[in-house]
Structures are given as C-alpha cells and as structure tokens.
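This report refers to the structure that appears directly beneath it.
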Amino acid sequence: MGVPDAYRGETVKAYIVVKEGETLTEQEVIEFCNAHLARYKVPRLVEFRSELPKTAVGKVLRRLLREEELKKLGGEKS
C-alpha cells in the first residue's frame, strides 16, 4: 500500500498478519517480494500487525491504515 513519505512523496509499505504459530521477518518479506514483484512494487517498509482493520464484509479498510500513517507523521487527513 502507498503511504506518505517525506523524501519520495509516497512509498510502498506492506502490512503483514502472520498466522499463529508461524514466524516471519522483515528481511524474508522483502526477499520474497524482490523475487516475485517488479522492483517498484517491492515494499520499503514492513509492519507486522495482529490484525487489519476490516469492513463488515471483510474488506481491508486501507483508508484507516493511511490515516494511521498520517498521524504517525503528524500530518493532516487529506
């Protein structure tokens, strides 16, 4: 997902929910993406979460994730 970035304007960030009992590192995610995605699609940032915000029908609420990123940067909602 694209998130605000002070240098680039926007950068790719992966939000990962790891299944219970499984382990995964940021480096493993980036290596996998490097092998399977175009370079511009490879995330520069990786965040592990226990769950993702979802709608009542189960779609990921990307808007809320973006708003969280703006709050982290001290920015305003656009």
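Residue numbering for the sequence shown follows UniProt numbering, starting at 1 and increasing by one per position. Beta carbons: idealized from backbone N, C-alpha and C, even for Gly.
{"query": "Paired residues, beta bridge with ARG49 - DSSP", "result": "VAL17"}
{"query": "Range covered by the beta strand (DSSP E) that runs through VAL3", "result": "2-5"}
{"query": "Cβ neighbours of MET1 in the same chain (closer than 8 angstroms, five flanking residues each side left out)", "result": "VAL12, LYS13, ALA14, TYR15, ARG62, LEU65, ARG66"}
{"query": "Residues near ARG49 in its chain [Cβ-Cβ closer than 8 angstroms; skip 5 each side]", "result": "TYR15, ILE16, VAL17"}
{"query": "Strand pairing of LYS54, partner residues [DSSP]", "result": "VAL60"}
{"query": "Whole-angstrom distance between LEU45 and GLU68, CA atom to CA atom", "result": "14 angstroms"}
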